[in-house]
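See below for the structure under consideration.
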Amino acid sequence: MASEAHRQQGSCPTIPSESCGKSPEKKGSAADSRPGTAMSGEMDKPLISRRLVDSDGSLAEVPKEAPKVGILGSGDFARSLATRLVGSGFSVVVGSRNPKRTAGLFPSLAQVTFQEEAVSSPEVIFVAVFREHYSSLCSLADQLAGKILVDVSNPTEKEHLQHRQSNAEYLASLFPACTVVKAFNVISAWALQAGPRDGNRQVLICSDQPEAKRTISEMARAMGFTPLDMGSLASAREVEAIPLRLLPSWKVPTLLALGLFVCFYTYNFIRDVLQPYIRKDENKFYKMPLSVVNTTLPCVAYVLLSLVYLPGMLAAALQLRRGTKYQRFPDWLDHWLQHRKQIGLLSFFFAMLHALYSFCLPLRRSHRYDLVNLAVKQVLANKSRLWVEEEVWRMEIYLSLGVLALGMLSLLAVTSLPSIANSLNWKEFSFVQSTLGFVALMLSTMHTLTYGWTRAFEENHYKFYLPPTFTLTLLLPCVIILAKGLFLLPCLSRRLTKIRRGWEKDGAVKFMLPGDHTQGEKTSHV
């Protein structure tokens, strides 16, 4: 493949038998079916709205002053792209091997014709076909010379590992007389249809020609998207790898949450199910699907919320110890700080599940039996009224604090959304995520304490000599709350503020905070 890039400019390079040597009629594009074969499955159904694609099958006339853009391919992405371009004021010409069959799938204002005619007049051509079908376009090499080819394709994970060249670089090697731009591959067909308000706004663009990048960037802005320059065409391989990643920033937090869930579930299973079965011969295995899960969910949510604020405490302690902010944190701490948003959202997810599971507890058949058995025992004991004032107050406070904590977590989760976060200035965002987040941690701690009450000091709650689960979850948050209190002390708070504003313990960069009239501070000589 590398040698093909050095063929004579303006002519189609010599490639294996399935490439330039064959005419397009024998090798269809990824978006087109074979001439004698009807399109099947979902390809018969356009993604775009029927009111947008209603067409009489004729080649509609478009305003001559509208910028003309060509599209090679008639698949789902090509249809959505044509719809978006037409809606943005562009004149669209679609090249297909069978225009009569595919014309009805495109907007009526889009001109559907043969590939040779589609590439004759537009200066910008979108190549909406798969990599293996690039060679079917070689007969158009003379007509495409000097034009901008926009590669919108994405490889499969297997193809990405198999080929050293990106799809865009391979296309550039086949058409050396053209300028190839990699763009729109991270935008889904749905985002093109619905517009940037309901989908990803960023269009990653890379090419070796700045003028071509500028042209495609202007087109992206006209379509309502935000262009992002990714550099030369050598970056295309990295750009093509982006759609192959499945939530890369969520992998570690998700594994952490699942690990915590398994550990706490196992611990609760031993205490609430296995211990009664071994010691008292009581069958409590019915608790596994709901009760044990509901006991586990708040533990995971509480610990995850603590892990959101623990790295900040560690970073502050490290800066105080070093006396500067100009030294990098260890890699593990740096990655931890970067994953706080995902950890916090997972904490909210588990807390919400805990609330839903708690609403389901009274619906269980076992709960109804317990109520009947309790009533029978009360009758047999000749007790006319069962009322424990302390338990009543405890449950009222416990539930109220739980609702407040969940409400605060909901606020944190909502402000984590990009659309909401972008509407807040830094002070507002910091107040919600830091101050109110710490309030949520405090409320969760008080919720846990009122739940446990005096159980931590009662011997019958230590099953198999294992302490109640809530005592384990309290350890980390209490350490964080204590550390936060220490950092609020004036002696540490002022020093930490000075460090974060550039002051260094042993360096020349020293200055006074506003209102600090102490003498002897040196100023920077830089």
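Numbering follows numbering that gives the first Met the number 0, in which position 130 of the sequence shown is assigned residue number 129; successive positions increment by one, without gaps. In this text, a Cβ means the ideal position worked out from N, Cα and C, and glycines have one as well.
For C477, the enclosing alpha helix (DSSP H) has its first and last residue at T468 to F486.
Pairing I70 with F125 gives a Cβ-Cβ distance under 8 Å.
Here R83 is actually not in contact with L203; their C-beta atoms are around 17 Å apart, not less than 8 Å.
With distances taken between CA atoms, I215 lies nearest to V151 out of V151, W189 and N459. Residue nearest to Q318 within the set E115, S138 and S492 is S492 (criterion: CA-CA distance). Cβ neighbours of Y264 within its own chain (closer than 6 Å, five residues either side excluded): T295.
Leaving aside the five residues that flank R200 on each side, the residues in its chain whose CB is nearer than 7 Å to its CB run, in chain order, F224 and T225.
V272 and V251 do not touch by the CB rule: their CB atoms are close to 31 Å apart, not below 8 Å. Between the region 430 to 448 and the region 464 to 480, the count of C-beta pairs closer than 8 Å reaches three or more; the two stretches touch. DSSP places L306 inside the alpha helix (DSSP H), whose first and last residues are S290 to R321. Taking a contact as a CB-CB distance under 8 Å, the pair S87 and M229 does not count as one, their CB atoms being some 22 Å apart. Within the same chain, H460 and P467 come within 6 Å of R454 by CB-CB distance, once the 5 residues on both sides are set aside. G401 sits buried, since 16 or more C-beta atoms from the chains shown fall within 10 Å of its C-beta.
Between K483 and P489, the alpha-carbon positions lie close to 12 Å from each other.
Taking the C-beta atoms as reference points, L173 is found no nearer than 8 Å to C205. In the structure shown, I204 falls within a strand segment according to DSSP collapsed to helix, strand and coil.
DSSP places D75 within a helical segment (H, G or I) once states are collapsed to three. With a cutoff of 8 Å on beta-carbon distance, V93 and S73 are scored as near each other. Under DSSP, G86 takes part in no beta bridge, so it has no partner.
In summary, Q114 is buried, with 16 or more beta-carbon neighbours lying within 10 Å of its beta-carbon over all protein chains present. Nearest C-alpha to F469 among R96, V302 and N153: V302. Ranked by Cα distance from T178, the first of G194, K212, S165 and P154 is K212. DSSP lists V202 as the bridge partner or partners of P226. Just so you know, the alpha carbons of A167 and L104 end up roughly 27 Å apart. The bridge partners DSSP lists for V111 are V93. Beta-bridge partners assigned by DSSP to V180: V149 and S206. Under DSSP, the beta-bridge partners assigned to V126 are L71 and D150.
Counting the other CB atoms within 10 Å of its CB gives L246 a total below 16, which places it among the exposed residues. Just measuring C-alpha positions, the residue of H353, A182, Y356 and Y285 sitting nearest S234 is A182. Note on Y169: 16 or more other CB atoms within 10 angstroms of its CB, so buried under the neighbour-count rule. With respect to L385, Q377 sits close: the two C-beta atoms are nearer than 8 Å.
Proximity to T472 across L487, E122, F260 and I147 peaks at F260, based on C-alpha coordinates. Under DSSP, the beta-bridge partners assigned to K462 are L465. Selection K426, M351 and Y464 evaluated against R270 yields Y464 as nearest (Cα-Cα). A straight line joining the alpha-carbon of K99 with that of V238 spans about 35 Å. DSSP places C137 outside any alpha helix (DSSP H), giving it a letter other than H or E.
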